[in-house]
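Shown next, in structure tokens, is the structure this report addresses.
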Amino acid sequence: MREWLWVLGAVYVLMGIRLQPFLNASQFSRVLSGWQAPPASVEFKAVVDWMATFGGDLIAIGAVALAAASTDVS
């Protein structure tokens, strides 16, 4: 179970980091190729910020899983 929590926590943290604005804004047009809003528009920034919030949730879930994996339950 401990190994599973390490893997799950790491995957969640990596997915959350990928959705943060410093990475997501540069790759957003590749992921959603049909998106018509230019990068300087309010719509573009709003979607990137919303995805950053979701990424923060994923990072928190991953951190809890990693914390649970690192505790010694005897």
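Under the working numbering, think of the first position of the sequence shown as 600, with each following residue one higher.
From the three backbone atoms N, C-alpha and C, an ideal C-beta is built for every residue, glycine too.
Buried/exposed call for residue i, threshold 16 Cβ in 10 Å
i           : result
residue 661 : buried
residue 612 : buried
residue 631 : exposed
residue 618 : buried
residue 633 : exposed
residue 655 : exposed
Option in the options with minimal Cα separation from residue i
i           : options            : result
residue 659 : 614, 601, 620      : 614
residue 647 : 657, 666, 635, 627 : 627
Under 8 Å between C-beta atoms of residue i and residue j
i           : j           : result
residue 645 : residue 604 : no
residue 622 : residue 616 : yes
residue 624 : residue 638 : yes
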